[in-house]
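What follows is the structure in C-alpha cells.
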C-alpha cells in the first residue's frame, strides 16, 4: 500500500514509528498548576478573613473569578496539548477541570440544597 493511503486512513505498520512526545514532565506540570490554584485560594481566603463588612463578599467574588480564569486557562491549555499530542498532560488538565467543577458543584449543593 502506498504511504499516502496509509497516512490518509491512519494505518500504522510495525515499521512506522512516529516520534512520541517525550517531554511530558508530569510532576512539574501538576505542581505548577496546583501551586497557582492553592496560592491564589490562600491569598483570597486570608483577605476574606481580614476584611470588614461587605469587603469579604467582594473577595469571595474575586476568588471565584480567579478560579474561573484558572479553569478557562486549563481548558485552553488542554486543547493546545491535544493538538501537540501530549496526551498525559492533557489528561491531567482534564482531571483538574473536573475536580474544580466537582468542588464548586458540591459547594453549590451544600449552599442551595439545605433548607
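Numbering (our numbering), first residue to last: 17 to 131. Quick reminder that beta carbons are idealized off the backbone N, C-alpha and C, glycines included. Just so it is clear, the structure is predicted and the values come from calculations on it, not from any experiment.
Would you decide whether residue i is buried or exposed? Buried here means 16 or more other CB atoms lie within 10 Å of its CB.
| i | result |
| --- | --- |
| residue 106 | buried |
| residue 97 | buried |
| residue 132 | Only positions 17 to 131 of the chain appear in the structure, and residue 132 is not among them; the question remains open. |
| residue 148 | Within the shown structure, residues of the chain are numbered from 17 to 131, placing residue 148 beyond reach of any answer. |
| residue 112 | buried |
| residue 60 | buried |
| residue 108 | buried |
| residue 68 | exposed |
Could you check which residue in the options has the C-alpha nearest to that of residue i?
| i | options | result |
| --- | --- | --- |
| residue 49 | 77, 127, 68, 93 | 93 |
| residue 117 | 104, 99, 100, 85 | 85 |
| residue 53 | 124, 65, 115 | 115 |
List the endpoints of the continuous alpha helix (DSSP H) containing residue i.
| i | result |
| --- | --- |
| residue 55 | 42 to 66 |
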